[in-house]
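So the sequence shown is residues 119 to 509, counted in my numbering.
Where is the CB? At the ideal position from N, CA and C, for every residue including glycine.
Data block below; observations after.
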Amino acid sequence: MHNDDFHLDTLAVRAGIERSQFGEHAEALYLTSSFVFKNAAEAAARFSGSAEGNVYSRFTNPTVTMFEQRLAALEGAEDCLATASGMSAILSCCMGVLSAGDHIVCSQSVFGSTINLFNTILNRFGITTTYVPLHDVAAWQAAVRPNTKLFYVETPSNPLMELADVPALSQVARAAGALLVVDNCFCTPVLQQPLAQGADVVIHSATKYLDGQGRVLGGAVVGSKEFIRGKILPFLRTAGPTLSAFNAWVILKGLETLSLRMERQCANALALAHWLEAHPKVARVYYPGLASHPQHALAQRQQRWGGAVVSFEVVGGRDEAWRVIDHTKLLSITANLGDTKTTITHPASTTHGRITPEARAAAGIQESLIRVAVGLEHITDIQADLSRGLD
Ligand SMILES: *Cc1c(COP(=O)(O)O)cnc(C)c1O
119 MHNDDFHLDT
129 LAVRAGIERS
139 QFGEHAEALY
149 LTSSFVFKNA
159 AEAAARFSGS
169 AEGNVYSRFT
179 NPTVTMFEQR
189 LAALEGAEDC
199 LATASGMSAI
209 LSCCMGVLSA
219 GDHIVCSQSV
229 FGSTINLFNT
239 ILNRFGITTT
249 YVPLHDVAAW
259 QAAVRPNTKL
269 FYVETPSNPL
279 MELADVPALS
289 QVARAAGALL
299 VVDNCFCTPV
309 LQQPLAQGAD
319 VVIHSATKYL
329 DGQGRVLGGA
339 VVGSKEFIRG
349 KILPFLRTAG
359 PTLSAFNAWV
369 ILKGLETLSL
379 RMERQCANAL
389 ALAHWLEAHP
399 KVARVYYPGL
409 ASHPQHALAQ
419 RQQRWGGAVV
429 SFEVVGGRDE
439 AWRVIDHTKL
449 LSITANLGDT
459 KTTITHPAST
469 THGRITPEAR
479 AAAGIQESLI
489 RVAVGLEHIT
499 DIQADLSRGL
509 D
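Okay, structure coming up:
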């Protein structure tokens, strides 16, 4: 099938399917570590790369390939490689592109483990990172050095839902000779396709919305065929942070409902954001879909909807925030997100609990802040659950 001929909803259920000789309708799960050859010559040809075909599941596996081809289609990309987790996708990207002495410019509002990877692991191998405010394009420009090879960004950011102007950053990155890498975990290709806006590489934690049902870990690196085959594949097949066939199969089936889930979860999030904004015990709401969001116009240009994560500050401090969390009966108190089940968390004492109070204040993460990753429950039930502690 030619992906260009179809809409995203169609690609989500059809792209990448490779049927076996049995003509199965649903995507098959190939639980096999290795593949057999007709004869010694075929084995030699596959090993040398002169013949196409599977050899060993650390390199390729048909179920994993189906997931990769489907996600590439959704992102409007030439190619994709799946990894064991979102973090191993980020690691694979860095290991494929960077060498000792290279430099990263990174948004200061990225996933905590990403900052740990850059600061405590890559740093040991002579790779340094400068952190800049996500929305300040001039700061990105000013941070560029002759050895800058990578710009790294999440948009919107967690938990304050700030946006990066992807086309503007891509111009700065291109002029610097650096790759712009966008972690598209929060939006998924249903809301935004960063490659079409000028990004060079897209990273996914498939653990979140792509699976969407909180079952397995997975990740992916998405980009041009030349980049994926030339830079990512050599690291992945050698070092082995490969996605398991079983997890690929689970996420592949997750993609079939991605568009439906995102549409409903974003609609629920918008309704919740409006409701919170009108609530007397809520001091401030952070949601790009609200007209009160400072980057609402950019959000409307860049994203299809506001996303499924809403953060808000209650009137008061930590005690009042914890009260709201502790009075919920339906919502899950967990730092995870991207699930059909709504989750609630207190960033200042969990995801952002290990940074100093000064760094937290600089990042704008107040003790009164609560993050809700909105799921598929009925919106009235979600509001009722939050009302108990707020009222
Ligand atoms: C969860 C997350 C990751 C890491 O993904 P894992 O699958 O947990 O390794 C990376 N980026 C963002 C934005 C995430 O939310």
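In the structure shown, the three-state DSSP call for T238 is helix.
According to the DSSP assignment, H322 belongs to no alpha helix (DSSP H) but to the beta strand (DSSP E) extending over V319 to S323. In the same chain as P285, and ignoring 5 residues on each side of it, the C-beta atoms closer than 7 angstroms to its own belong to Q315 and G316, in chain order. The continuous alpha helix (DSSP H) containing I500 extends over residues I497 to L508. When the five nearest sequence neighbours on each side are left out, the beta carbons in the same chain lying within less than 8 angstroms of the beta carbon of Q289 are those of G316, in order along the chain.
For K459, there is no enclosing alpha helix (DSSP H), as DSSP marks it with neither H nor E. F236 has its CB no nearer than 6 angstroms to any heavy atom of ligand 1. By DSSP's assignment, G341 forms a beta bridge with D197. Between T181 and T360 the beta-carbon gap is near 12 angstroms, outside 8 angstroms, which marks them as no contact.
Taking a cut-off of 8 angstroms on C-beta distances, the stretch 431-441 touches the stretch 396-404, as three or more cross pairs fall below it. Counting only runs of at least 4 residues, the stretch 248-329 fully encloses the following alpha helix (DSSP H) elements, listed from N- to C-terminal order: 255-261, 284-294 and 306-309. Burial state of G348 is exposed, judged by a 10 Å Cβ sphere holding fewer than 16 other Cβ atoms.
For H392, the enclosing alpha helix (DSSP H) starts and ends at L376 to E395. A direct Cα-to-Cα measurement between S210 and S203 gives close to 11 angstroms. Contiguous alpha helix (DSSP H) elements confined to the stretch 158-200 occur at 158-166 and 180-193, taking only those with 4 or more residues. About 3 angstroms separates the beta carbons of G337 and A207, which is inside the 8 angstroms limit, making them a contact pair.
L487 is bridged by DSSP to E431. Note on A417: 16 or more other CB atoms within 10 angstroms of its CB, so buried under the neighbour-count rule. Distance from the Cα of M380 is smallest, within the candidate group S275, L309, A190 and L216, for L309. Short note on L335: C-beta closer than 6 angstroms to some heavy atom of ligand 1. When distances are taken from the beta-carbon of F153 to the heavy atoms of ligand 1, even the shortest one reaches 6 angstroms or more. Contact annotation: the stretch 385-393 does not touch the stretch 240-260, with fewer than three C-beta pairs closer than 8 angstroms. Cβ contact annotation for A294 (same chain, cutoff 6 angstroms, sequence separation greater than five): V262 and T266, in chain order. When the alpha-carbon of I443 is set against those of S467, A426, R422 and G456, the nearest one is in S467. Under the three-state reduction of DSSP output, H445 falls in the coil class, being neither helix nor strand.
A distance criterion of 6 angstroms places the beta-carbon of C303 in contact range of ligand 1, judged by its closest non-hydrogen atom. Rounded to the nearest whole angstrom, the CA to CA distance from A480 to T474 is 10 angstroms. By the Cβ criterion, the stretch 357-372 is not in contact with the stretch 217-230, since fewer than three pairs of Cβ atoms, one from each stretch, lie closer than 8 angstroms. Nearest in C-alpha terms to G341, of all of C198, H143 and A169, is C198.
Judged by DSSP secondary structure, S210 falls within the alpha helix (DSSP H) whose first and last residues are G204 to V215. The beta carbon of S362 sits no closer than 6 angstroms to any heavy atom of ligand 1.
If you draw a straight line from the Cα of S275 to the Cα of L281, it is about 7 angstroms long. By the criterion of a C-beta distance shorter than 8 angstroms, L216 is surrounded in its chain by I222, L240, I245, K267 and L268, once the five residues flanking it on both sides are discounted.
By the criterion of a C-beta distance shorter than 8 angstroms, L370 is surrounded in its chain by G134, E145, T181, M184, F185 and R188, once the five residues flanking it on both sides are discounted. The shortest C-alpha to C-alpha distance from L287 to any of H411, L297 and L278 is the one to L297. The beta carbons of Y327 and G482 sit no closer together than 7 angstroms.
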